[in-house]
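Take a look at the structure set out below.
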Amino acid sequence: GLAAHLEYTVLLVPEIADLMMVDAKFYTDAFTKLAMKSKAAGIYMYLGTQRPSKDVLPDALLAHIFGRLVFATVNEADAERLLPGRSREIMSLKKAGELIYSDIDTPAVKLQANYVSDEQVVRLINKLKEDIK
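Using my numbering, read the sequence shown as starting at 1126 and increasing by one per residue.
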């Protein structure tokens, strides 16, 4: 099918709260529309935040984000907001890099993320820059 021939695009927003502070309505509408169409268009959207409150991650947007990587949260309310029914499990995450993964097709599972140092990131970026030239 057509999807097999599409290029993939990755949109990475390390902290969505920064954008929401600038213009919450605009970014809520834009990210919600993009989330609704992203899978069909081959777009993978990663929205990160340390504050998953309603003003940063509005219900309209959260309802269209089906894949979740949830690290330890500050409180149970944030944990419950991100993965309903899993707040106790999220609050028990203690080791660096521990997370709960869940998406529309996969039940929640506990995982361990790899540590990547700043130096490793810089080396990778420099290598990618060289490869693009």
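Glycine included, every Cβ here is placed at the ideal spot set by N, Cα and C.
Where does residue i land, buried or exposed, given buried means 16+ other C-beta within 10 angstroms?
| i | result |
| --- | --- |
| Y1169 | exposed |
| I1225 | buried |
| S1242 | exposed |
| T1231 | exposed |
| D1203 | buried |
| F1151 | exposed |
| S1178 | exposed |
| M1145 | buried |
Considering only DSSP beta bridges, list what residue i is partnered with.
| i | result |
| --- | --- |
| S1217 | Beta-bridge pairing links S1217 to no other residue. |
| V1138 | L1172 |
Can you list, in chain order, the residues of its chain with a C-beta nearer than 8 Å to that of residue i? Leave out the 5 residues immediately preceding and following it.
| i | result |
| --- | --- |
| L1159 | L1136, I1168, M1170 |
| E1140 | G1173, T1174, Q1175 |
Within its chain, find whatever has a CB closer than 6 Å to the CB of residue i; leave out the 5 residues flanking it on each side and keep chain order.
| i | result |
| --- | --- |
| D1228 | F1191, G1192 |
Identify every run of the beta strand (DSSP E) within the region 1144-1175, keeping only runs that are complete inside it and at least 3 residues long; order them along the chain.
1168-1172
The region 1216-1233 in contact with the region 1191-1199 per 3-pair CB rule at 8 Å
yes
Hey, which unbroken runs of the beta strand (DSSP E) at 3 residues or more fall wholly within the region 1186-1252?
1193-1195, 1223-1228, 1231-1237
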